[in-house]
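S.K.:
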Amino acid sequence: MAGYTDSTFRTICLRRGCGLVFTELVSSEGIVRNITRTLNMLHTRDNERPIAAHIYGSDPEVMARAARRTEELGRFDLIDINAGCPVPKIVRKGAGVALMRDPTRLHDIVRAVVQAVSLPVTVKTRTGLSPDNANISEVAHAVEEAGASALFLHARLASARHGGPADLDALSRIKDELSIPVIGNGGITSAASASFMLKETGVDGVMVGRAAIGNPWIFAAITAALAGKEYRPPQSHDWVDVMTRHLRGLYGEMLRENAQRKRPRPHTERAACNRFRGHLTKYLRHAGCPARARRTLLEQQEVEALLRLVAEALQSPNSGEETDAVS
Ligand SMILES: Cc1cc2nc3c(=O)[nH]c(=O)nc-3n(C[C@H](O)[C@H](O)[C@H](O)COP(=O)(O)O)c2cc1C
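Numbering (the numbering used here), first residue to last: 104 to 430.
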């Protein structure tokens, strides 16, 4: 998830039962042109496996070259092609969900990438562009025919963005129609909703998006439920520990990236706190941090001061109120 899927967060999710993580959306043009900012998005830690490089573009030749370069890094387990992103900046380039409009081009891209690398190649897409253009069946067959190893299907139309329920009928249908594994995505917020999607649609796996932000234990909850094991929710000190690891790791990554700039930028610490804010809001809610304390924490601009206040807030007698369900 663009803006959220930093290396530290991915490692945290993997340690809590997530079976596969993805990089942020990475431009194939940026990879082949050696743009430092783009290549930084392919930076991973040694123990961050299994991981997919999630790339986008509209030109089969450029996508193939980018995939080959990515494979040569030796740090990835598969190459995933984005054919579902509805953000105008991406769609204007004929990439992302725009590829659903042109299944032949998507087919050519998948085929070119499959031929360029030895890693498995997968595609992430949606059920269609709009109610009048729900052509996932045609797209899914094109992807399979081109040699993809699996399909990650966000079961919503592009016109719905991230709203509304996932289309479980579409997931069942596509699962029935394809021979390659189909992984269902959309609206999973708990172990119960993951089990429900698996049971109702027969998909080969499920993928969690937003519900992992601020609650990486969702993967532990799902894996425990699927294995019929008991799940022990995190305690206050676990939340403090995960936020500490995450923010310090993110700050470290940003310092490393900044040091590579020709002209390093000032205020990296402040930028790290700002970038962490989206995660922090969700962590604090899940951890049951009182709303008053949350506001103060979100204004902090120093890493260690922020973490000290987090520990104090979560150890206060009032923490535990307004807790979101953690399951
Ligand atoms: C902030 C944000 C960024 C996202 N970035 C990407 C992306 O780069 N590539 C992608 O395939 N999907 C992206 N998605 C979509 C998610 O991967 C997922 O398909 C979607 O959120 C539905 O799953 P959910 O209901 O579990 O959140 C993003 C979603 C959000 C909320």
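From the three backbone atoms N, C-alpha and C, an ideal C-beta is built for every residue, glycine too.
If H349 sits next to I154, beta carbons under 8 Å apart, how far is it from one beta carbon to the other, in whole angstroms?
M.R.: Contact flag wrong, Cβ pair sits at about 17 Å.
S.K.: Is K227 near ligand 1, judged by its Cβ being under 7 Å from some heavy atom?
M.R.: Yes, Cβ of K227 sits closer than 7 Å to a heavy atom of ligand 1.
S.K.: Identify every residue that forms a DSSP beta bridge with S130.
M.R.: BP columns for S130 point to Y159.
S.K.: For D183, which residues in the same chain have their Cβ closer than 8 Å to its Cβ, ignoring the five residues on either side in sequence?
M.R.: F125, A155, A156, H157, I158, V224, T225, V226, K227 and F255
S.K.: Enumerate in chain order the residues of its own chain whose CB-to-CB distance from P375 is below 6 Å, with the five nearest sequence positions on each side excluded.
M.R.: Note that residue 375 is Ala in the sequence shown here, rather than Pro. Counting only Cβ-Cβ distances below 6 Å, and skipping sequence neighbours, we find L353, Y354 and M357.
S.K.: Please state whether DSSP places G355 in a helix, a strand or coil.
M.R.: helix
S.K.: Looking at the secondary structure, which residues open and close the beta strand (DSSP E) in which K192 lies?
M.R.: From DSSP, K192 is part of no beta strand (DSSP E) but of the alpha helix (DSSP H) over P191 to V194.
S.K.: Look at V129 and L145 and say whether their C-beta atoms are less than 8 Å apart.
M.R.: Yes, these two residues count as a Cβ contact at 8 Å.
S.K.: Please list the terminal residues of the continuous beta strand (DSSP E) segment that includes V311.
M.R.: Taken as a continuous stretch (DSSP letters only), V311 belongs to no beta strand (DSSP E), as it is neither H nor E.
S.K.: Given R119, which residues of its chain have a CB within under 7 Å of its CB, disregarding the five upstream and five downstream residues?
M.R.: P319, W320, F322 and A323
S.K.: Is M104 near ligand 1 - that is, is its Cβ less than 7 Å away from at least one heavy atom of it?
M.R.: yes
S.K.: Counting along the chain, where does the beta strand (DSSP E) carrying N288 start and finish?
M.R.: Looking at the DSSP string, the run of the beta strand (DSSP E) that includes N288 is V285 to N288.
S.K.: By how many angstroms is the C-alpha of Q418 removed from the C-alpha of K192?
M.R.: 44 Å
S.K.: May I ask whether a heavy atom of ligand 1 can be found less than 7 Å away from the beta carbon of V311?
M.R.: yes
S.K.: Flag I321 as yes when its Cβ comes closer than 7 Å to any non-hydrogen atom of ligand 1, and as no otherwise.
M.R.: no
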